[in-house]
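Only one structure is covered here, and it is reproduced in the block below.
Numbering (full-length UniProt numbering), first residue to last: 1 to 1226.
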């Protein structure tokens, strides 16, 4: 009889619907175009889930399992024993006359036979029926009702009754032996391992277990398993990637090694193509042999080990053996294509030697393959960071993992710090592997799995820039180890245990602890999401439905452990907040207290009625990278230096959810004269100042009135109470201390606070404006070149402040190191299009080039395909029989979406410095130059001589006299004492740090250039302007509308109009975008005259100058090399240390007691600053709660808590101010 086709179609649609609803297509990675294959795999996969071994509740110490739990435990112990005679499934199949080979076959393999009367389409279904039959038969055996005819199965059951059952009954000895041990009596010993791997000799439990003879690791049995697993890994990678893996990162744990005898190490040896040599009756590992490539039949694999702290302590000989293998393989006479260990060894040895290492040290570092935490430390460092939410992006997690893991262990080095070597390994790692040797627990049972494998995979992604292949090795069945992707295993654990009603019901038997197990499962799921991004939204939804939305389970949680309800809710909320989803809201906002027009905000909802600014954008707003507190880089080159970059944002209507406060750092500021630094900074607190004025007014009225019983007096008292309460709530009692803290961070001293703002330079006034913005706690900070005019101490302080800033930050900056240290996302705008890269600036550059290369290749391939189709169309058009085929091809072409390669901004300035007349040999010199400003000595007895063609850099901390000496040499500033000589035929051009500020804002660009030109070049001023990207109508713009970068370009352009052969430039890169800065550097390198340049930018100075003058303690010293030579000569790593060194030297000159006291004070100040940040955030959260839910403000417990936090904050601010003053005096 035929099958009703209509019914088949209906069933297929139902199955499709269920598969879609349960998201099973993602597990199977299949499409609907091959239903037969999909249904076959679906059948096998569902059976695999059904047969997955999971815990039914928790073990109760000293209590043997009973009833169904006892039965299930017996089946688990006898599912895959090493002794085939004790396998329940194998015995049942023998009794059924079915081949036992199905136990080693993939679940989706067709079977098409019956098992005990049940038709089984797949082997998975057959094994599931065998498992069901095992439960029925074992129940019957234990109850003496087992039917006859099961000869082999009964024999196994008899053995179980005489052995395993007896040992399980002895579980009570766990308590007995513990008490014996506590009383000092003997506790019987026993081996250690995983009983479910066939190690029935490990039972009974409750014994003083011993580990393994470390001399036998890896054991011969472990090596057999390792070879099988290695072969399966290579086979799978080859199928998926079309090539052999070159580098594998493997996590190795001490506990697993003890249980297995060294599966993981054996697998690593097998991948590398070596085999241990066992000797003596004890089968100890004495040596190893290298398997020839011809016999191996494939290339070797470079294996990098990330060992646990326990493995490091327990198996030092294995580490030495592994390192010996690496060294041996690296020196084999083999083709590099077949031996990636040798290939990397030779390449890195050369690279290390180029960096200055001697050959022996270079070779030693190139062989580093075993890494772990530093001696005495354990773990990978991620648990605390994730649990405490102390991270913003996966780059932070990568940094923590690398810091914890970058310690190399070799035969001669024990835990030496080797970050660069570790990162070299990460950059080449293709596969990240973690094995699990038993099914007594799973990936979501422990934090170690996500810390080690998730941490390593994330570190590879952030270091290499691409996501590695992440494999999970299942070694629970020693006869058939499997290699899966981590995604596959996570989905299996999620479906088979995490949301399995059987598991949930089982852990509910344990009350408080059972509720904790559910919460821990969610925590570990989230941690895998944070480190690998492999957790899908439906998995969170499933957890929410099963744990929190299910009425029965919710009631259980609230009754037994209500705290986990809060914890799980917070974790799910955090997952939402760190997700990439966002939406655009029309919202009211202000910028620096003013409500402008023309800005749009992309907002992310983080709770009921609470919104946080994510990003500004036009048609395509982008979202934060896995966190709410986004730090953005906007590339000034993409805006031609125009601060309109910060004005990409535009207008909207008003809604009531939340007023969004935006702070914008302008380059042009205009302070009201007559205010001191403190008074100007206090202007950040508009409402506080208004409230202070009201309180003063009310108090004055109260002081003069005597009608104490009148309604008017009572009204005044009520007004005073309201004003005072509001004043306290918004921080009125500690804003002054907070202001001083910010100002000191930006470089102001206590003595500066009471000086008028007009006595400071433009750079220092800019710092005051920046301080005001930082004090306002805006939701969004728009900072245009915030590091201009800051010394290095202030830049470092600002970096730290912005990294901890609670709001969103958008930066326009040319300081690459600042961008890398602060931001986690880069936005590039090219010719009207916006491109979003979830990386800091330097990583963005690499990623951008990789993406563009991929686009070009894809476009090239597509063009080849299109050309082939077009040729076929032309060929078929001429033939009537092929006309329909030609039309079909034409339709296919029309449907092809052409691949577009991202455009680049290629417009850059054109710059060349021409030398005027040839000067004499000595162009500039000074003898015994002194310079003071009032009582402050800047230069003392400076001697310096510059010869024709010299290129010299002035470096040192701000305030050491670099700019002052430059001005003295060119005659802009006069020396207090000493002689300055200008050489024969010398023509000097000076570019001051604030050169652009001297341009007349009312003049146009063309007028400015014509006024500065001479008769020889006046007719060419438009050409000059054009080469600096000022074209067409741009030349008629007034100077006052130009951005800082455009003004700097114009100032350089203007400078070229006059002849010179000596060029002195003071911080010329301020305001310049990165592309323009590179052009300027190239032009200066090609300049044939004499150059003096003042700069703190190491990237800019590297390779630019041939001599370096260091400034320190009013003196100068000449170094005959570039800035890198100067740094090496002073044992300094970077320019930041140069600019901090003066302070450090002063501290070094202090007495040991003063140094110790200074360090103690700094530590106390640091702790107080962290405490202040925490209290401010907690208070701000409560204030938002009071504002949005007025009834909460009436809750006495909340109000008391709020007052306590305010008092604690006020005390912390007072203590901070006191310690800061003490530190300055010290």
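Think of the CB as a built atom: it goes at the ideal place given N, C-alpha and C, for glycine as much as any other residue.
Distance from residue 277 to residue 287 at the Cβ level is roughly 4 Å; contact confirmed, criterion being Cβ atoms closer than 8 Å. Rounded to the nearest angstrom, the gap between the Cα atoms of residue 345 and residue 366 is 5 Å. Secondary structure of residue 1027 (DSSP, three-state): helix. In the three-state scheme derived from DSSP, where H, G and I count as helix and E and B as strand, residue 488 is classed as helix. Residue 956 and residue 1112 do touch by the CB rule: their CB atoms are close to 6 Å apart, below 8 Å. Beta-carbon to beta-carbon, residue 268 and residue 305 are separated by about 7 Å, close enough to satisfy the 8 Å threshold. Taking all protein chains in view, the Cβ of residue 222 is crowded by 16 or more other Cβ atoms within 10 Å, so the residue is classified as buried. Taking residue 326 as the centre and dropping the five residues before and after it, the same chain places the C-beta of 341, 367, 369 closer than 7 Å to its C-beta, in chain order.
Burial check for residue 975: the Cβ neighbour count within 10 Å reaches 16 or more, so the residue is buried. Residue 379 and residue 401 have their C-alpha atoms some 9 Å from each other. Here residue 578 is buried: its Cβ has 16 or more other Cβ atoms, across all protein chains shown, within 10 Å. Across the structure, residue 117 and residue 78 are spaced so that their CA atoms are roughly 24 Å apart. The DSSP-derived three-state label of residue 465 is coil.
Per DSSP, residue 122 is one residue of the beta strand (DSSP E) stretching across 118 to 122.
Within the same chain, and ignoring the five residues on either side of residue 989 in sequence, the residues whose Cβ sits closer than 8 Å to its Cβ are 1055, 1058, 1060, 1062, 1063, 1064. When secondary structure is reduced to three states using DSSP, residue 1121 falls in the coil class, being assigned neither helix nor strand.
Excluding the 5 residues flanking it on each side, residue 338 has same chain C-beta neighbours closer than 7 Å at 293, 299, 300, in chain order.
For residue 926, the secondary structure class from DSSP, reduced to helix, strand or coil, is strand.
Within the same chain, and ignoring the five residues on either side of residue 1022 in sequence, no residue has its Cβ closer than 6 Å to its Cβ. Relative to residue 860, the option among 1098, 901, 351, 736 whose CA is nearest is 901. Secondary structure at residue 436: strand, using DSSP grouped into helix, strand and coil. Secondary-structure assignment with DSSP links residue 156 through no beta bridge to anything. Its chain contains 1035, 1036, 1037, 1038, 1039 as the residues whose beta carbon lies nearer than 8 Å to that of residue 1004, once the 5 sequence neighbours on both sides are disregarded; these appear in chain order.
Of the candidates 770, 753, 689, the residue whose Cα lies closest to the Cα of residue 732 is 689. Its Cα nearest to that of residue 169, the residue 203 stands out among 203, 178, 181, 180. When rounded, the separation of the alpha-carbon atoms in residue 538 and residue 545 is 10 Å. Note on the stretch 377 to 439: whole beta strand (DSSP E) runs with a minimum of 3 residues are 407 to 409, 414 to 417, 431 to 436, in chain order. For residue 253, there is no enclosing alpha helix (DSSP H), as DSSP marks it with neither H nor E. When the five nearest sequence neighbours on each side are left out, the beta carbons in the same chain lying within less than 7 Å of the beta carbon of residue 921 are those of 947, 948, in order along the chain. Membership of residue 278 in the beta strand (DSSP E) is indicated by the continuous run 274 to 279. Scanning 149, 784, 492, 1116 for the CA closest to the CA of residue 818 turns up 784. Take the alpha-carbon of residue 1077 and the one of residue 1069: they are about 6 Å apart. The residue from 1081, 1091, 177, 93 with its alpha-carbon nearest to that of residue 1098 is 1081.
Around the beta carbon of residue 390, fewer than 16 other beta carbons sit within 10 angstroms, so the residue counts as exposed. Counting of Cβ neighbours within 10 angstroms places residue 1119 among the buried residues, the total reaching 16 or more.
Judged by DSSP secondary structure, residue 941 falls outside any alpha helix (DSSP H) and instead within the beta strand (DSSP E) spanning 936 to 947.
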